[in-house]
Structure formats: C-alpha cells, structure tokens
Amino acid sequence: MLSQIIDTHCHYDDNAFDIDRDTLLPEILSDIRGAVHASTDEKSSLFGIETAERFKNFYTSVGFHPESMENLPKSPFETTINLARRSKKVVAIGEIGLDYHYDGYDRNKQLDLFVSQLEVAKDLGLPVIIHLRDATEDGLEILKRYKPKGVMHCFSGSAEIAREVVKLGMYVSFTGVLTFKNARKAVKACEAVPIERLLLETDCPYMAPEPYRGKRCDSRMIRFTAEKMAEIKGVAPLDMIKIAAENSCGLFGLDI
Ligand SMILES: [Zn+2]
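Residue numbering for the sequence shown follows our numbering, starting at 20 and increasing by one per position.
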C-alpha cells in the first residue's frame, strides 16, 4: 500500500525535520511512490528545487504563501518565474492564496500577491496549489475569474463550496483532518467531490491523521487518511490510494 502513495503536499523543509531530515527523507521516498513539496517563500522554493534534483520521485512547487508577506522579494512575479525555470521538476505554483485567519497580513496586499501568482501560473501553463483560510468568499471570486488548473489544498469548507470548486474544474485535497472524530464537515465535503477529483496530502509535519493526531506527520501516514477517504467513497483503501495517485499524476504531470 505504501508504495502506491503520492503525497501532494508536504513541507520537509520545516524545522520539525531538522534533526533527522537527511536520513528520514530518503527512507520515506523509497517507501512511497512520490511527493510534491509545497513552497511558501523563496527559501522554501529553493529547498524544493534542490531536493527534487536529488530524488527522482520528489517534485516541487514554487511560489509565495500569503504568510510570506513580510519577506517578499521586490518582484514576486519575476522571482517566481525565475524559480520555476530552474528545474523541470517544478510542477506547480504554490502554495498561494489568502489567509484571513490572523490579523496583521494586509488583505489588499494578499489579494495583489495572489493575483500575481495566478498570472505566473497562467503564463507558464502550470497548475496551482491553493491555500484559503477564512477567506473563501474572496478566494472563490478570484478563482472564478482566473479559472486556474489546480488543487484546493487541506480543504476545510462545506460540501457546497466543494461542489463549486469542482465546478471550476479544480481538484480537492484532504489531509489527516478527515480522520478526526469531529470532522463531520470534511467528511460531507469529501462525499460531495467526485472520486476522480480527489487528492491525498499530509501537509506534514502538520495535520497527522488518527491515530497519530498531534504527532509529527510524514507522508507514509497518508494511508490512514486514505482508509477514511476509501470508506467515504465506498472503495477499497488500496484502490483509493491508486485513484488519488493517478489524479495527482494527471494534474501535475508526474512521471512516476
Ligand atoms: Zn502547506
């Protein structure tokens, strides 16, 4: 089962992996089918590119997360284009979007950054990895305008919003949150997404599924999320993992 897993959203550059990254990452990547690193700023994009050059089944996005606002280069647009051109293993622009959860990140600046990152994706013909937190209304309005190819990551909206996202032609991805006991909303949303539009992700080191909730997460734990997703969709866990992996290859053009 592990060997079929594709983790479409991971953060192995996170401090939580500082103590054992060099031994852990090769081990994980030899256990699973593949992983896509989700970048949040320039440094994280460079980590993704360098790691993707080292491991055949590791791919990366490049881009600027709304929480990178304080550390933006002079032209995020130019920088993102240049980063994307550094490697054929850059398969997406992300994670990009809007985060209204914390005050302190100017909303207008976030909107400008989001739109400019969508422009990069359009210019380069790459899919996007979207992060929306407490900003569904503004986010959907922009996505309706740009109609990017891409995925709504760590989906936390309602079934109704999930249907809208699917109608836009996008994929919907779930983390370990799907396995939490209080995850009624996520379960309903997952029910509403056609199986050919579902992706699996960890968002590791965060969002570890049950029975590891609260622990450091890694890509192998996706099997617990997949088991829950399989139950919701009425298929066998291994089939769910394979279907989600094929969906990931289709969206990101992965050759694994
Ligand atoms: Zn993430």
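For every residue, glycine included, the Cβ atom is placed at its ideal position computed from N, Cα and C. All values reported here derive from a predicted model rather than from experimental measurement.
- In the structure shown, I275 adopts coil according to DSSP, grouped into three states.
- Within the stretch 134–214, the complete beta strand (DSSP E) segments at least 3 residues long are 147–152, 169–171, 190–193, listed from N- to C-terminus.
- Contact check for S87 against D60 passes: the beta carbons are separated by less than 8 Å.
- Looking at the DSSP output, A54 bridges to D26, F77.
- Contact between F193 and L219 holds: their C-beta atoms lie close to 7 Å from each other, under 8 Å.
- Taking C-beta separations shorter than 8 Å and ignoring five residues to either side along the sequence, the partners of A255 in its chain run A249, following chain order.
- Taking a C-beta distance under 8 Å as the contact criterion, S64 and L102 qualify as a contact pair.
- The stretch 103–117 and the stretch 134–153 touch, with three or more beta-carbon pairs separated by less than 8 Å.
- Only buried fits T27, as 16 or more other CB atoms lie within 10 angstroms of its CB.
- For E114, the uninterrupted beta strand (DSSP E) run begins and ends at 109–118, by DSSP.
- Between ligand 1 and the CB of D153, the shortest heavy atom gap is not smaller than 7 Å.
- Between G116 and F96, the gap from beta carbon to beta carbon reaches 8 Å or more.
- For L218, DSSP records a beta bridge to S192.
- In the DSSP assignment, I241 falls within the alpha helix (DSSP H) that extends over 241–252.
- CA-to-CA, the gap between L270 and S94 works out to about 27 Å.
- In this structure, I148 lies near E114, with their beta-carbon atoms less than 8 Å apart.
- With distances taken between CA atoms, L137 lies nearest to L159 out of L159, Y119, N34.
- Under the DSSP definition of a beta bridge, C236 lacks any partner.
- Per DSSP, I38 lies in no alpha helix (DSSP H) segment and is marked neither H nor E.
- From the listed residues K166, S22, M171, the smallest Cα separation to L151 is found for M171.
- Beta-bridge partners assigned by DSSP to C223: C29.
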